[in-house]
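Visitor: Just so we're aligned, residue 22 is where the sequence shown starts under my numbering, counting upward by one.
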Amino acid sequence: VIQRELQNPIALAVLEGRFGEGDTIRVSLDGDQLRFATAAPAEPIPEPELAGA
């Protein structure tokens with residue numbers, strides 16, 4: 022079920038150029054249909070500074 026409902030449609034969208042390398046894909050439910058969209062990139066988390074570095 023997961024392959025049919027998620028993996029296959031996402032793979033086709035990648036092949037069609039709708040999504041690319043590094044994209045985050047958001048999946049939402051519209052009635053009984055899954056919708057796929059590119060999510061905004063998350064803000065990078067700054068690395069903490071090490072004491073004595």
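Just so you know, even glycine gets a beta-carbon here, dropped at the ideal spot from N, CA and C.
1. Go to L50, then tell me how far its alpha helix (DSSP H) extends in each direction, as first and last residue.
2. Would E26 and L55 be called neighbours here (beta carbons separated by less than 8 Å)?
3. Pick from R47, I66, V35 and P69: whose alpha carbon is nearest that of A60?
4. Report all residues from its chain with a CB closer than 8 Å to the CB of P62; omit the five preceding and five following residues, and keep chain order.
Guide: Let me spell this out:
1. Your numbering for residue 50 matches position 29 in the sequence shown. Not the alpha helix (DSSP H): L50 falls in the beta strand (DSSP E), residues I46 to D51.
2. Along the sequence shown, one-based indexing puts residue 26 at 5. Along the sequence shown, one-based indexing puts residue 55 at 34. Cβ distance < 8 Å, so E26 and L55 count as in contact.
3. Here residue 60 corresponds to residue number 39 of the sequence shown, with the count starting at 1. Here the closest residue by C-alpha is R47.
4. Start at 1 with the first residue of the sequence shown, and residue 62 comes out as number 41. Its chain contains T45 as the residues whose beta carbon lies nearer than 8 Å to that of P62, once the 5 sequence neighbours on both sides are disregarded; these appear in chain order.
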